[in-house]
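Q:
2 protein chains.
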Amino acid sequence: MKLENPTAIQWNFSQRAQKLQSSAIREILKVTMRPDIISFAGGLPSPATFPIAEMQAAFDKVLSQQGKIALQYGPTDGYGPLREWVANRLSTADAKIDANQVIMVSGSQQGLDLLAKVLIDEGSKVMVETPSYLGALQAFSMYEPEYVSIPGDEGGLIPEQVAELGQGARLLYALPNFQNPTGRTLSLERREALVEICARMGIPLIEDDPYGALSYRAEPLPKMLNMNPNGVIYMGSFSKVLTPGIRLGYVVAPRPLIEKMEQAKQATDLHTAQLTQMVVYETVKDGFLDKHIPTIRKLYSDQCDAMLAALQAYFPSQATWTKPEGGMFIWVTLPKHIDSAKLLAQAIEHHVAFVPGGPFYANTPETNTLRLSFVTVPPAKIREGVEILGKLIATML
Amino acid sequence: MKLENPTAIQWNFSQRAQKLQSSAIREILKVTMRPDIISFAGGLPSPATFPIAEMQAAFDKVLSQQGKIALQYGPTDGYGPLREWVANRLSTADAKIDANQVIMVSGSQQGLDLLAKVLIDEGSKVMVETPSYLGALQAFSMYEPEYVSIPGDEGGLIPEQVAELGQGARLLYALPNFQNPTGRTLSLERREALVEICARMGIPLIEDDPYGALSYRAEPLPKMLNMNPNGVIYMGSFSKVLTPGIRLGYVVAPRPLIEKMEQAKQATDLHTAQLTQMVVYETVKDGFLDKHIPTIRKLYSDQCDAMLAALQAYFPSQATWTKPEGGMFIWVTLPKHIDSAKLLAQAIEHHVAFVPGGPFYANTPETNTLRLSFVTVPPAKIREGVEILGKLIATML
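First to last, the sequence lines map onto chains A and B.
Residue numbers for the first sequence follow full-length UniProt numbering, beginning at 1 and rising by one.
Residue numbers for the second sequence follow full-length UniProt numbering, beginning at 1 and rising by one.
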């Protein structure tokens, strides 16, 4: 029955697949899962924050009361009550969001994929921050755009640069709150300017906001979505405020875009698990997040402080770093001649890991940068790991 | 704060998105959810077959024993023990499948999307059956191939036609067991011929097998995967043997393809929910499916018999239909001049629904065809609905 000596297939991959490369850094980072490594490399939330008991109760309730609905195919745009909940939560007095502007997705990464699918052609001009979220660059790159890197500073991307560089772009992708990878926040003035410039240029502005709720110093700044619901595409996620492993996020956008995304999602994975959406709705509908999020903020904020203090104590004065007001990441800039990928190789020998900054740049990488996450490491280990890194950097100066 | 009178965005959708159209049939079929409609339109399994109690127990166990792992981000290629389980289940004496040839996906539809993403360029030649599964056509079409429709008959697609028409094709997509939409099965001789021809031509053969376990008359025929694991891409799903709402399937393929798919999946949705995979593993690992699947077979098989008997009793002799040996669907061919979309409009007025056949054709639609599903309707209602359809067809002759 089995074929004798078949010829091996000469794989003829698509143009986009041929450009996919196994990342050397990803291979290195596989070792960071080892328990003897102090890892600042993760983008993972701390499992200490997962509301396991609450979700277990919700699974029990949904399965026993509505099992046949929860386990059946569901609507492509998502579970109605949860879309309604998202819309209500994002509405402000002068900018109401309607449930039909919400589409549920299998994690924000899928939101990025679907947006790229319906907005990007080969060679389309796409504006991103310098540096930008690596996962967004990966999602967009599958549709082969031409990136325009918008320069920024400590206050986030510079709106005037969008006006100067962005003519004819298909979209601008921005992560305004505690950005991944830099931890920086876009100021209120710049938000208003950015919304105004994008509206004037007719360019959809993607506001990716996975960390917005994780604000440690003050109330979060207003969302750009509410400044112009007709021109801003907002992306939210349950990964950082509930759990990432269930893969659930949402995109809020004007109806013409939601309709296209719904059609694209049907072709892509039919719909996001109905059971998951019903369980999350059951978990959050009575205000659980308002009690839960402050406990996450407290944990991460203490660890953020510990890392900032350790950097101050142990890093050489030639290094600089961001002072995030929320989120999960600190961004370090070393003297130009130090390659953080080489530093990583040495650091792993000393049982410490982080992510080199190069891959976060859409165009010209700045290889003297690196990203540190403080959320999964307790303060004592943070100090230990930062001290080791500081000494290694000192020897490279 | 809110922008005054912003200009509405003139959406500039991607070329692939511009081709997406809201399907008129899909709109019509929305009414088939009404409880007063006898619907043969669904592609849904019967919720009577969902093992709700077993899954509830599995969710409880996984969350209480391994909650922090289950709710965290997981590996892109899937949960190790479940990949191992899939590999073992698909291995035969002379064709072992290794766990590293398996990638878990968010339902088979995502498998189709990822395969298209890494194998299809704009204008690539892609072979499909006549007719073919609509969801596959939707997934592939996002990557803008040029379809080659391979003719078939009651015995499935005709292998010699592949040799004649398929030169230079990127892939052949086939659904050999109880095909959606026709219900037909590819014979053993044709399977062997097809595998041999595709291997000789160096063309990857996709064997999509969501219904293979739902065999009503005899043991399922051997899988093409096991005839040539180096040239066949096998797609399986938990949707029809467990539940569809959790969105879980798998693709089995040679390593070079799995590696590309893993990279593409990372860019597409990072990974499939770890919790779901652990729960399914917990549910199936001790042989549950071997007890459960026979109960599904019995239910569907009785309803299939009821529909075949009703067709015989009530349909005019000018109509013909397939006699499936498993799966969920019967395919009806009417006299050429009857447009099944028009028949549907009338049928809905008489509270009966089905899916017109036209959209299942990649190139030239045969509009005198239609698909009937027998799995969600009890026998008495099947007879009632088929009788109504039979009378309507008789008036159109």
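Using N, Cα and C, we set each Cβ at its ideal position, and we do this for glycine too.
Exposed or buried, which one is B/K260 when buried takes at least 16 other CB atoms within 10 Å?
A: The count along the second sequence starts at 1 and reaches residue 260 of chain B at position 260. That one is buried.
Q: Which residues, in order along the stretch 53–87 of chain A, keep a beta-carbon less than 9 angstroms from a beta-carbon of chain B?
A: A53, M55, Q56, F59, D60, L63, S64, G67, K68, I69, A70, L71, Q72, Y73 and G74
Q: Beta-carbon separation of B/I103 and B/V279 under 9 angstroms?
A: As a working note, residue 103 of chain B is residue 103 in the second sequence. As a working note, residue 279 of chain B is residue 279 in the second sequence. No; because the gap between Cβ atoms is not below 9 angstroms, this pair is not in contact.
Q: How is B/W331 classed by DSSP in three states: helix, strand or coil?
A: Along the second sequence, one-based indexing puts residue 331 of chain B at 331. Three-state DSSP puts B/W331 in a strand.
Q: Could you spell out the range, first to last residue, of the beta strand (DSSP E) harbouring A/R371?
A: On the first sequence, residue 371 of chain A is found 371 positions in, with the first residue counted as 1. Start and end: T369 to S373.
Q: Looking at the strands, I want to know which residues DSSP matches up with B/Y147.
A: In the second sequence, counting from the first residue as 1, residue 147 of chain B sits at position 147. BP columns for B/Y147 point to B/V126.
Q: Could you tell me which residues DSSP puts in a beta bridge with A/M235?
A: Against the first sequence, residue 235 of chain A aligns to sequence position 235. The bridge partners DSSP lists for A/M235 are A/D208 and A/V251.
Q: Can you pull the chain A residues whose beta carbon is under 7 angstroms from the beta carbon of B/L3, in chain order?
A: Residue numbering aside, residue 3 of chain B sits at position 3 when the second sequence is read from its first letter. Residues of chain A passing the Cβ test: V195, E196, A199, M227 and N228.
Q: For A/S64, count the other beta carbons within 10 Å of its own beta carbon; 16 or more makes it buried, fewer makes it exposed. Which is it?
A: Stepping through the first sequence from its first residue, residue 64 of chain A is reached at position 64. Result: exposed.
Q: Could you pull out every unbroken beta strand (DSSP E) segment of at least 3 residues lying fully inside the stretch 146–201 of chain B, listed in chain order?
A: For the stretch 146–201 of chain B, whole beta strand (DSSP E) runs of length 3 or above, ordered along the chain, are 146–150 and 171–174.
Q: Using only CA atoms, which one of B/V31, B/Q263, B/V195 and B/G74 lies nearest to A/G245?
A: Looking up residue 245 of chain A in the first sequence gives position 245. Considering only alpha carbons, the answer is B/G74.
Q: Nearest CA to the CA of A/S239: which residue from A/K223, A/A8, A/P210 and A/W11?
A: For the purposes of this step, residue 239 of chain A is taken as the residue at position 239 of the first sequence. Ranking the options by Cα distance to A/S239, first place goes to A/P210.
Q: Which chain A residues sit within Cβ distance under 8 angstroms of B/D98?
A: The residue labelled residue 98 of chain B in the question sits at position 98 within the second sequence. Within 8 angstroms Cβ-Cβ: nothing; B/D98 doesn't reach chain A, min ~16 angstroms.
Q: Using a Cβ cut-off of 9 angstroms (strictly closer), state whether A/A362 contacts chain B.
A: Along the first sequence, read from residue 1 onward, the residue named residue 362 of chain A stands at position 362. Judged by the 9 angstroms Cβ criterion, A/A362 is not in contact with chain B.
Q: Cα separation between B/L334 and B/A380?
A: Position 334 of the second sequence, counted from the first residue, corresponds to residue 334 of chain B. Position 380 of the second sequence, counted from the first residue, corresponds to residue 380 of chain B. Going by the C-alpha atoms only, they are around 24 angstroms apart.
Q: Does the count of Cβ pairs from the stretch 253–273 of chain A and the stretch 99–119 of chain B closer than 8 angstroms reach three?
A: yes
Q: Could you tell me whether any Cβ in chain A is nearer than 9 angstroms to the Cβ of B/T371?
A: Against the second sequence, residue 371 of chain B aligns to sequence position 371. The residue you asked about is not Thr; residue 371 of chain B is Arg in the sequence shown. Chain A contact via Cβ: absent.
Q: My output table needs one value for A/A213: the three-state DSSP class, helix, strand or coil.
A: Position 213 of the first sequence, counting from 1, holds the residue named residue 213 of chain A. In this structure, A/A213 counts as coil in the three-state DSSP scheme.
Q: Do we get a CB-CB distance below 9 angstroms when we pair B/L214 with the residues of chain A?
A: Numbered from 1 along the second sequence, position 214 holds the residue referred to as residue 214 of chain B. Chain A, which has no Cβ nearer than 9 angstroms to the Cβ of B/L214, makes this no.
Q: Using a Cβ-Cβ cut-off of 7 angstroms (strictly less than) and excluding sequence neighbours within five positions of B/A95, which residues of its own chain qualify?
A: The residue given as residue 95 of chain B occupies position 95 in the second sequence. N226 and P229, listed in sequence order.
Q: What is the DSSP secondary structure of B/G80, counted as helix, strand or coil?
A: One-based indexing of the second sequence puts residue 80 of chain B at position 80. Looking at B/G80 - three-state DSSP - the assignment turns out to be helix.
Q: State buried or exposed for B/I262, treating a residue as buried only when at least 16 other CB atoms are found within 10 Å of its CB.
A: On the second sequence, position 262 is the one that residue 262 of chain B refers to. The sequence as given places Glu at residue 262 of chain B; Ile does not occur at that position. Buried.
Q: Please state if the CB of A/P359 and the CB of A/L137 are separated by a distance shorter than 9 angstroms.
A: Working through the first sequence from its first residue, we reach residue 137 of chain A at position 137. Working through the first sequence from its first residue, we reach residue 359 of chain A at position 359. Going by C-beta atoms, A/L137 is nearer than 9 angstroms to A/P359.
Q: Taking C-alpha atoms, which residue in B/H350, B/L344, B/Q312 and B/Q303 lies nearest to B/F329?
A: Residue mapping note: residue 329 of chain B aligns to position 329 of the second sequence, counting from 1. Taking only the C-alpha atoms, the option nearest B/F329 is B/Q303.
Q: Is the shortest distance between the beta-carbon of B/F288 and the beta-carbons of chain A less than 9 angstroms?
A: Along the second sequence, read from residue 1 onward, the residue named residue 288 of chain B stands at position 288. With 9 angstroms as the cut-off, B/F288 does not count as an interface residue toward chain A.
Q: Would you mind telling me which residues of chain A sit closer than 8 angstroms to B/F50, beta carbon to beta carbon, in chain order?
A: For the purposes of this step, residue 50 of chain B is identified with residue 50 of the second sequence, where counting begins at 1. Chain A residues near B/F50: G67, K68, L71 and Q72.
Q: Tell me the residue span of the beta strand (DSSP E) that contains A/V105.
A: Residue numbering aside, residue 105 of chain A sits at position 105 when the first sequence is read from its first letter. Note, A/V105: beta strand (DSSP E), V102 to V105.
Q: What does B/L163 reach in chain A if we use C-beta pairs closer than 9 angstroms?
A: As a working note, residue 163 of chain B is residue 163 in the second sequence. A small correction: the amino acid at residue 163 of chain B is Ala; Leu does not occupy that position in the sequence shown. The premise fails here: B/A163 is roughly 15 angstroms from chain A at the closest Cβ pair, so nothing lies under 9 angstroms.
Q: Less than 6 angstroms between C-beta atoms, sequence neighbours within five positions excluded: which residues of the same chain meet that for A/A58?
A: For this step, residue 58 of chain A is matched to residue 58 along the first sequence. Once the five neighbours on either side are set aside, the close Cβ partners of A/A58 are V279, E282 and T283.
Q: If contact is defined by three or more beta carbon pairs under 8 angstroms, each pair taking one atom from either stretch, is the stretch 142–150 of chain A in contact with the stretch 2–17 of chain A?
A: yes
Q: Got a sec? Which residues, its chain only, sit under 6 angstroms from A/W321 by beta carbon, not counting five neighbours each side?
A: The sequence position of residue 321 of chain A within the first sequence is 321, counting from 1. So the list reads L311, I330 and V332, once near-sequence residues are dropped.
Q: My assumption, with CB atoms under 8 angstroms, is that A/G236 sits in contact with A/V86. Please give the rounded CB distance.
A: By 1-based counting over the first sequence, the position of residue 236 of chain A is 236. By 1-based counting over the first sequence, the position of residue 86 of chain A is 86. The pair is a contact, with the Cβ atoms about 7 angstroms apart (cut-off 8 angstroms).
Q: Closest Cβ-Cβ distance between A/K381 and chain B: below 9 angstroms?
A: If you number the first sequence from 1, residue 381 of chain A lands on position 381. No, no contact with chain B.
Q: Within the stretch 296–367 of chain A, note down every full alpha helix (DSSP H) run reaching 4 residues or more, in order along the chain.
A: Taking only runs of at least 4 residues, the alpha helix (DSSP H) segments lying wholly in the stretch 296–367 of chain A are 340–349.
Q: So, does the CB of A/A174 fall closer than 9 angstroms to a CB anywhere in chain B?
A: Numbered from its first residue, the first sequence carries residue 174 of chain A at position 174. Under the Cβ distance rule, A/A174 does not count among the residues neighbouring chain B, no pair being separated by less than 9 angstroms.
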